[in-house]
Structure formats: structure tokens, C-alpha cells
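Take full-length UniProt numbering: the final residue in the sequence shown is number 503, and no numbers are missing along the way. Glycine residues also receive a C-beta, built at the ideal position from the N, C-alpha and C atoms.
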Amino acid sequence: MKACLLLQRRFAYVGHNLALLLKEHYGIDEFCGYVYVRRSYEFLMSQKEIHYSSLLLDQEIHGRYSSERIDTHFLQSLEAEYGIPNLWPYVSLDRALMHNRHVREYPYDKSHYSHDDLLRILQVTAKAIIKFLDDEKPDFIFFSVIGAVGGKLLYHIAKKRGIATYVVHPTMIHDNYVLSETYNGLTGVENKVHLFSKESAPEKVLKQAQNFLNDFRHQPRPHYEFADKKYHQTTKSKQLSFVLPTNALKIMRWFFVSLKHHATGRERHDYDYISPINYVKDGIRRKLRNLRGVDDLYDEPGENDNFTFFPLHYEPEVSLLLYAPFFADQIHLIKQIAMSLPVNHYLYVKEHPTMVPYRPRNYYKAIKKIHNVKLINPNISSFDLIARSKLIMTITSSVGWEATLLKKPVITFGDIFYNQLSFVKHCKTPENIPYLVKEQLENFRYDENELLNLLAAIFSESAHLNLQYLWEREKDLMKRKEGLKPLADLLAQKLHLTNKQLQ
């Protein structure tokens, strides 16, 4: 059996450990991969633990686009074969190409590419992936995050060819993760929910579901520890803490190390490279904005207000660009929601804690121009707002899931797993917003058994591991590998493989 891995940026180190576990425990000995970031590629090429028959480096593919001639016939054939239904969804997903984000800091929003450049990039990437799959013929592909042209092309071309795909998804339940055959749904969970609607869920997972629900309602808390506002710069004092001597020294040390790497490293020629000069330039602009602050723009919640709660999303991110591309303009969506509410209703908008130091004042001013909207201080608890609200409207956020667990009516605008609940309403077109609002405010029908079946299905389909921590924070290689065992076991279960060590 041959495995292919999409190794997205720093996930390459996690993915490599996953490959090691599949090799050691389940006998998979053929691997190939699509890699983002040159440093990750060089690590994979230099290690001796696994022989990758082929590793495509996204940055090298991208480097060929300028000499590529546009082949209209090829692009038309590609669109006919793999369009969804056209080719632009592959490009619009990519924040580096479309907005120059990641390379530059939010709110920078200026693409460096012309229309023809984007077609060349799409063409050269598609050709490379088609040849890669022709040559390697993997039995399955494991995806971490689909957030750029290459990843999305790899997914859809593989799907069309009948290659098994497995995408890892968080479940917003403790540290539980599932593997789905699609990026916009939880296929295994959906199948279990359908099964549990016909016959009772196993007592073990049903008890887990009930205990989780009881614990959450007794003491609500964010599913991801570092989503808590205490870890983010939501106040001016935190935003200006860089002037403290210890922090200033760390920044200076980092800057000089980055300058040295910039002078000697090959990455500086890559399209998504963040130069230390731009990093400092954007950082200075951000700190100057933070000096002015936005505290004067926040509105006080009214004690007797009837309101709908809309949490702003972190951006740019796959939660918008992949799962809700037609609702990614959040200010425009807020306007649509505001004009869809009853006359005695406010819309409370609260910032994502990560975005507080990055948003410019004019973004919030545009929101405040809408007459029935209040901008709420991000230090106010979302759980307090959920409890007091009449309705929660969200694109794909965890706030919608938390509100669902607390028996609140919810309307979503993006692809998110809790859309499958009958009492959560998913809006696909702006024209339907006022009608869904009216339905959820006047005819909301919560179903506890349906929610318990979904929770039971998630527990029965998931692996328990702190993937976010292993990915972003764990430095110990052995601990990282050990922590990934539940995910390797879950993937092997999907592939119907037996642990050879147990045999």
C-alpha cells in the first residue's frame, strides 16, 4: 500500500511522524508527498527514516509559472474535468495569491499577480499534480489543511480518479479529531448519525455524549484552550507589552537571527516567504494603530436589549475561504443580517480575540455605521452573550456549536458539521436570511436526542489527541510521535489495516 501525505508547512514534521507510525505499526512502506515550505522539504529529504519516492515542493512548482505559456485548451479541459464547476474556486481559496496575506500582515490586501499570472500558476500546478499522481499512483492521500491551490487541486483530482482521501477535522469536543473522506463534512460521523437514528447508539458512547453535555452546560468553556481571550492581545496594555525590556530584547534577537537567515537561506526567493523587513514594517504599523486603540468604539450591552449575536471570524482563513467563500466579506454579511432582524432587535458583533490587535479602526467604524448594530468589547464572555441572546448567527465558528450545546437557535452561513442537526439552519443565499431569522425566533424546535446522537457518533468515530499542541508547540520529537498514535490507529482503522506489532 502506498500513502501520499499533504504536508502543509510545519505540519510536515507531524506528518512525517504519522508516516513513521504507519510504517512501524501497520506495514505501510511506500510514501510520497506534496510539501509546502522549503525548510520542511529539506528536512524530509535529509532524514533517513523513510524513503519518499517523490516529494513535490509547492514553492518549486510556483517558481516555474513565469516561463509557462498559457495553454487555453489545457485549461478548458481541466475545467471540464475538474471544475467546481469552474476553476476559480481553486485560486480564490489561496490567501497568498489573492491577497498577499501571510507574506504580509493583515489588513494588507493587494495581490501581486495579474489575471494571466493566476492562470499560469493554476496551469503549472495542475500539470505537476497530474504527472505526480500518474507516476506515484497512491492508494490514499492524507490531508491536514486544504488552504491553497495545490492542496485543493490534489484533493479534487484524486477524488475524480477514485483515490481514497482522508481529511483530519477537529470536532470541538475536547481534543477529539475525526477523519473524513471530504473536507466539507464528517462522512463517518454522518453515517453513524444515520445508523443511530434507526437503532440505539452503543451505551458507552451515549454515556460519553451525555457526560460531555452535562459537564459543558455546568461549566461552559472554549473547546480549544488557547482560544481563551487571556492568551491574546485584547487590551492596549497587552498590545504595547513589546516595550518591556525582556520582550524588546527577544524581538531584537529574533530580528538579527532572521536577517542572517534572510541573507543565507534559499527561502527568500519563494513566493510565500516573509521577509524580516516586511515583518518589522507591518509590525510597526500595527503597533502605531494599537497606540490609538479602539476602546472608544465599543458599545455597552443593553440590559434589556433583544439581540442576535454574530462573532467575527479570524481572517483570512479556511473557515471563510474554503467553507464559506460567498460569505467571506464579513462587513457585507453583517449588513445583510442587520436588515433581516425584527424592528426591536439589535445585532451584537464581537471581535475574534486573535484579530483584536490587527483590525484597523475603519473596519469597526464601517460596522458601527449600521444603525441597529452594537460593537461589543471582546473581553466580554461569549458565553454570557450566548446566554442572553435570542439568536446566534455565525459563518462556521465554534460559538455556533457552543450555542447549540446550550439549546440556543443558530443560523450558519458556511459548511460546518453541526449543520446536519435539523434545528440548526444553514443559509445558502442572502435572500433567505430574514425568513430563517423569523423561523428560528418564532418556531425553534430543539431536539436533545438528535444532539446526543450526533455527539455519540463523534465519540464513536474520533481519536483523542491534542493535535493542535503537537503541531504548533510540542518540541520533544518522541512525545510528538507518541502523541500521534491515536490518529495513526484511526487512519489504519479507516484503511482496514491490522497492527502488525499486536500480531
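A387 is the residue among L7, A387 and T394 whose C-alpha sits nearest the C-alpha of H218. A80 counts as exposed, since fewer than 16 other beta carbons sit within 10 angstroms of its beta carbon. Under DSSP, L87 shares a beta bridge with no residue. The beta carbon of S54 lies closer than 7 Å to those of C32, F132, D135 and E136 in the same chain, with the five residues before and after it left out.
A distance below 7 Å separates the beta carbons of F310 and M393. The residues T404, V410, T412 and Y418, in chain order, have a CB closer than 7 Å to that of V424 in the same chain once the five nearest residues on each side in sequence are set aside.
In its chain, beyond the 5 residues on either side, Q8 have a beta carbon closer than 6 Å to the beta carbon of V145.
Taking the CA atoms as reference points, F307 sits about 11 Å from L441. Taking 7 Å as the cut-off, the Cβ atoms of F143 and L6 count as close.
Contact check for D415 against Y323 passes: the beta carbons are separated by less than 7 Å. Annotated three-state conformation of L452 is helix, per DSSP. Just measuring C-alpha positions, the residue of H313, E317, S389 and V318 sitting nearest Y346 is S389. Distances from the alpha-carbon of H332 to those of Q233, E317, L312 and S319 put L312 closest.
A direct Cα-Cα distance of roughly 6 Å separates K374 from V349. Rounded to whole angstroms, the Cβ separation of M172 and W471 is 17 Å, and the two are not in contact under 8 Å.
With respect to the 7 Å criterion, Y82 and H156 are classified as neighbours on the basis of their beta carbons. Going by beta carbons, L321 and Y364 fall outside the 7 Å limit.
Contact annotation, K494 with L179: C-beta distance approximately 6 Å; criterion of less than 8 Å satisfied. Contact check for L93 against K152 passes: the beta carbons are separated by less than 7 Å. When the alpha-carbon of R445 is set against those of L421, I70, H16 and Y108, the nearest one is in L421.
A456 is positioned such that its CB atom lies closer than 7 Å to that of A209.
Annotated three-state conformation of E24 is helix, per DSSP. Going by DSSP, T264 is part of the alpha helix (DSSP H) stretching over P245 to T264. H261 and Q47 have their C-alpha atoms roughly 21 Å apart. The shortest CA-to-CA distance from E68 to any of L22, V124, N17 and Y34 is the one to V124.
By the neighbour-count criterion, in which a residue is buried when 16 or more other Cβ atoms sit within 10 angstroms of its Cβ, V103 is buried. For Y166, the enclosing beta strand (DSSP E) stretches over residues A164 to P170. For P486, no beta strand (DSSP E) run applies; the uninterrupted alpha helix (DSSP H) run containing it begins and ends at K485 to K494, by DSSP. Contiguous beta strand (DSSP E) elements confined to the region 57-145 occur at 140-143, taking only those with 3 or more residues. In the DSSP assignment, A463 forms a beta bridge with Y177. Rounded to whole angstroms, the gap between the alpha carbons of F383 and K287 is 30 Å. For K374, the enclosing beta strand (DSSP E) has its first and last residue at V373 to I376. Between E461 and V167, the C-beta gap is not smaller than 7 Å, which leaves the two residues out of contact. DSSP, read as helix, strand or coil, puts K475 in coil. In the same chain as P316, and ignoring 5 residues on each side of it, the C-beta atoms closer than 7 Å to its own belong to R95, H99 and R101, in chain order. Here the alpha carbons of E181 and P222 stand approximately 27 Å from one another.
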